[in-house]
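Presented below is the structure to which this report refers.
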Ligand code: ADP
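In this note's numbering, the protein residues as written are 11 to 562.
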């Protein structure tokens, strides 16, 4: 035996996104795809229908002269038409560029021009916005309104194409594009809290591998009997890949269109028997308040996937104890397609008493196969995986960005191919990663670091507190000290002293915020996270009471 290969090979079957929808249509063709629409109704479709109509989109784009690698943008909510457009665009070889409508207008213009989008698909919600921005879009040639004839605006400055009419006139048998699996399939810009947004271009291969990994039992654990509702929008890191993942495993897909209010989401979860729904913590906080007020329940929901920002312990407990819904925390980023870690318990963790299990569930989770992680110090030296040492979190893997679109930001990987996430984290011996903070949000107090995330998560557990945010404020002696900003629950008069008393036995003494301020609203980013930059601006020049003492 020499161990050399005697010519045997495996098939070269490129990992192309359209293979997901072909599989879904062929093997799960009757499974439903249900969405609330922008016209105010509900649409009940199937994977077979999504594929057929996606092929019509593909043929329509080809007839328009769209070619391989061209960018076709979408400004749209989670609906069947958006999913069809996605598969149609990438299936004919173009790149589906999801634009986040919650960005500032200037950023939307910047992104569309930078991506050189040739066509824009958009929802009725955005007609006014698109009409206003169109003169500033430099490369968009055609505007496709995702609606039917009855809902087309009567007079528009733009030469609008009616989606339903347009696809109705297209053949549904044009073959999908035969591409290299590394060809681009999608494009998504990061929110760009500093500087211009940067584009992350997903490949067919990265999307397919990510979708397969996302189905695994200890990832989303979904299959043909699952009913999955991505509340995370398709423009927020591909709705966490759910439109791909559900096609890969043949799950029923449920989408709430333009609706993000708790009453609508709850109604849909109950009515469609959703068992897994995914969204950022803000959405789930709103849901808790709604359920508390109305005494409602979540029907068949057994799990929520929550990520995008840290999940407070109190939220995990509330869903467990009041609604028998298991919160599964996940961490990722646009640059990671987005999945990095997920908090499904290991046998060791599952066997722990509840409170100790919670200590693990507040962590961001363990690496999904396909993601390598390490933490390093300022000099780039790897730190121990002991759950205590914290440092910059570095990642590597087949669905993690290699370079930004058009090379923005230059070389972003180190010499060994690691990408710096901008997060500061610990890794423990069981493989759980815990985010300490974003490196730019951590509060640097007297040479030590205070995690704004930890403080927020404890504070939000205080009765009467609806939302909490912590920022570092300059301090003459300590460099920075924490300021805690609170939104009270409606009709509850919680005071700063109440909050201090609540925090006192839950945090280290030197972590106690130097000041607590009450506001009506905390600013959120376009992806529903606390907008630290805006909050820091709001409190620019703020004088901490302790600063007076130190200065005096
Ligand atoms: P945007 O800032 O555009 O919303 P991303 O969704 O890519 O972009 O944000 C990724 C960042 O969100 C991560 O680097 C991390 O800081 C934060 N994040 C995501 N999930 C979690 C989580 N479960 N806990 C704490 N932070 C998280």
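Glycine is no exception: its CB is placed at the ideal position from the N, C-alpha and C atoms. None of the values given here were measured: they were computed from a predicted structure.
Original post:
What beta strand (DSSP E) runs, 3 residues minimum, are completely inside the region 380-459?
Top reply: Within the region 380-459, the complete beta strand (DSSP E) runs of at least 3 residues are 382-386, 401-406, 429-437, 442-448 and 453-455.
Subject >> Through-space distance from residue 242 to residue 128, alpha-carbon basis >> reply: On the chain shown, position 118 is the one that residue 128 refers to. On the chain shown, position 232 is the one that residue 242 refers to. Their Cα atoms are separated by approximately 26 Å.
**OP:** Using a threshold of 7 Å, state whether the C-beta atoms of residue 259 and residue 232 are closer than that.
**Re:** Position 249 of the chain shown holds residue 259. Position 222 of the chain shown holds residue 232. Going by C-beta atoms, residue 259 is nearer than 7 Å to residue 232.
Original post:
Just to confirm, does residue 317 get its C-beta within under 6 Å of one of the non-hydrogen atoms of the ligand ADP?
Top reply: By one-based count along the chain shown, residue 317 stands at place 307. For residue 317, the shortest C-beta to heavy atom distance toward the ligand ADP is below 6 Å.
Original post:
Is the region 167-177 close to the region 389-405, with three or more CB pairs under 8 Å?
Top reply: With the cut-off at 8 Å, the region 167-177 and the region 389-405 do not touch.
Original post:
Does DSSP put residue 18 in a helix, in a strand, or in coil?
Top reply: Locating residue 18 in the chain shown gives position 8, counting from the first residue. Coil at residue 18, not helix or strand.
Subject >> Residues that residue 376 bridges to, as DSSP identifies them >> reply: Here the question's residue 376 lines up with position 366 in the chain shown. For residue 376, the beta-bridge partners assigned by DSSP are 352 and 442.
**OP:** Look at residue 102 and residue 71 and say whether their C-beta atoms are less than 7 Å apart.
**Re:** Working through the chain shown from its first residue, we reach residue 102 at position 92. Working through the chain shown from its first residue, we reach residue 71 at position 61. Result yes, Cβ atoms of residue 102 and residue 71 sit closer than 7 Å.
Original post:
How about the region 467-477 and the region 436-445: do they share at least three Cβ pairs that are nearer than 8 Å?
Top reply: Because the criterion of three Cβ pairs below 8 Å is not met, the region 467-477 and the region 436-445 do not touch.
Original post:
Under 7 Å, do residue 351 and residue 375 count as touching if we go by C-beta distance?
Top reply: By 1-based counting over the chain shown, the position of residue 351 is 341. By 1-based counting over the chain shown, the position of residue 375 is 365. A Cβ-Cβ contact shorter than 7 Å links residue 351 with residue 375.
**OP:** Measure the C-alpha to C-alpha separation of residue 20 and residue 415 and round it to an integer number of angstroms.
**Re:** Here residue 20 corresponds to residue number 10 of the chain shown, with the count starting at 1. Here residue 415 corresponds to residue number 405 of the chain shown, with the count starting at 1. Roughly 33 Å between the two C-alpha positions.
**OP:** Answer yes or no: do residue 80 and residue 104 have a C-beta to C-beta separation smaller than 7 Å?
**Re:** Within the chain shown, the letter at position 70 stands for residue 80. Within the chain shown, the letter at position 94 stands for residue 104. Contact: yes.
Original post:
Would DSSP call residue 180 helix, strand or coil?
Top reply: On the chain shown, residue 180 is found 170 positions in, with the first residue counted as 1. In the three-state reduction of the DSSP assignment, residue 180 falls in the coil class, being assigned neither a helical nor a strand state.
Original post:
the ligand ADP heavy atoms versus the CB of residue 455: any closer than 6 Å?
Top reply: As a working mapping, residue 455 is identified with position 445 in the chain shown. No - the ligand ADP has no heavy atom lying nearer than 6 Å to the Cβ of residue 455.
Subject >> Nearest-angstrom Cα separation, counted from residue 17 out to residue 566 >> reply: No answer is possible for residue 566: it lies beyond the span of the chain, which begins at 11 and ends at 562.
Original post:
Would a check of beta-carbon distances place residue 335 closer than 7 Å to chain C?
Top reply: Within the model displayed, chain C is absent; a lone protein chain is all it includes.
Original post:
By the 10 Å Cβ neighbour count, where 16 or more other Cβ atoms means buried, how is residue 11 classified, buried or exposed?
Top reply: Taking the chain shown and counting its residues from 1, one reaches residue 11 at position 1. Residue placement at residue 11 is flagged as unreliable, the pLDDT there being 49, under the threshold of 50; the coordinate-derived value follows with that caveat. By the neighbour-count rule (16 or more Cβ atoms within 10 Å), residue 11 is not buried but exposed.
Subject >> Check: residue 26 C-beta below 6 Å from any heavy atom of the ligand SAM >> reply: No copy of the ligand SAM occurs in the structure displayed; its ligands are the ligand ADP alone.
Original post:
Taking the alpha-carbon positions, what's the residue 155 to residue 460 distance?
Top reply: Here residue 155 refers to the residue found at position 145 of the chain shown. Here residue 460 refers to the residue found at position 450 of the chain shown. Spanning the two alpha carbons is a distance of roughly 48 Å.
Subject >> For residue 370 and residue 479, the rounded distance between their alpha carbons >> reply: Counting from one through the chain shown, the residue named residue 479 turns up at place 469. Counting from one through the chain shown, the residue named residue 370 turns up at place 360. Here the alpha carbons of residue 370 and residue 479 stand approximately 22 Å from one another.
Subject >> Pair within 7 Å by beta-carbon distance, residue 82 and residue 99 >> reply: Taking the first residue of the chain shown as position 1, residue 82 is located at position 72. Taking the first residue of the chain shown as position 1, residue 99 is located at position 89. A Cβ-Cβ contact shorter than 7 Å links residue 82 with residue 99.
**OP:** Tell me whether residue 346 sits in a helix, a strand or coil according to DSSP, three-state version.
**Re:** For the purposes of this step, residue 346 is identified with residue 336 of the chain shown, where counting begins at 1. Helix, per DSSP.
Original post:
What did DSSP end up calling residue 101 once you bin it into helix, strand or coil?
Top reply: As a position in the chain shown, residue 101 is number 91, starting the count at 1. In the three-state DSSP reduction, residue 101 falls in the helix class (H, G or I).
Original post:
For the alpha helix (DSSP H) that residue 326 lies in, which residues bound it at each end?
Top reply: Stepping through the chain shown from its first residue, residue 326 is reached at position 316. Unbroken alpha helix (DSSP H) run through residue 326: 323-333.
Original post:
So, residue 481 versus residue 493, is the Cβ gap smaller than 7 Å?
Top reply: On the chain shown, position 471 is the one that residue 481 refers to. On the chain shown, position 483 is the one that residue 493 refers to. Cβ atoms of residue 481 and residue 493: closer than 7 Å.
**OP:** Say whether the region 58-66 touches the region 141-152, bearing in mind that this needs 3 or more beta-carbon pairs closer than 8 Å, one atom from each stretch.
**Re:** Three or more Cβ pairs closer than 8 Å define a contact, and the region 58-66 falls short of that threshold against the region 141-152.
Original post:
Quick one: what does DSSP say residue 11 is sitting in, helix, strand or coil?
Top reply: For the purposes of this step, residue 11 is identified with residue 1 of the chain shown, where counting begins at 1. Unreliable placement is indicated for residue 11, whose pLDDT of 49 sits below 50; no coordinate value is reported for it.
**OP:** Under the assumption that residue 300 contacts residue 272 (Cβ atoms under 8 Å), give the Cβ distance between them as a whole number of angstroms.
**Re:** Position 290 of the chain shown, counted from the start, is the residue given in the question as residue 300. Position 262 of the chain shown, counted from the start, is the residue given in the question as residue 272. The Cβ separation is near 4 Å, so the contact holds.
**OP:** Classify residue 132 as helix, strand or coil using the three-state DSSP reduction.
**Re:** Locating residue 132 in the chain shown gives position 122, counting from the first residue. Three-state result, residue 132: strand.
Original post:
What do you reckon, is the C-beta of residue 445 under 6 Å from a heavy atom of the ligand ADP?
Top reply: Here the question's residue 445 lines up with position 435 in the chain shown. Yes, since a heavy atom of the ligand ADP falls inside the 6 Å radius drawn around the Cβ of residue 445.
Subject >> Any non-hydrogen atom of the ligand ADP closer than 6 Å to residue 65 Cβ >> reply: Start at 1 with the first residue of the chain shown, and residue 65 comes out as number 55. No - the ligand ADP has no heavy atom lying nearer than 6 Å to the Cβ of residue 65.
Original post:
Are the beta-carbon atoms belonging to residue 323 and residue 288 less than 7 Å from one another?
Top reply: Here residue 323 is taken as the residue at index 313 of the chain shown, counted from 1. Here residue 288 is taken as the residue at index 278 of the chain shown, counted from 1. No, the pair does not count as a contact, with Cβ atoms beyond the cut-off.
Subject >> Cα-Cα separation, residue 36 to residue 254 >> reply: Your numbering for residue 36 matches position 26 in the chain shown. Your numbering for residue 254 matches position 244 in the chain shown. The alpha-carbon of residue 36 is positioned some 15 Å away from that of residue 254.
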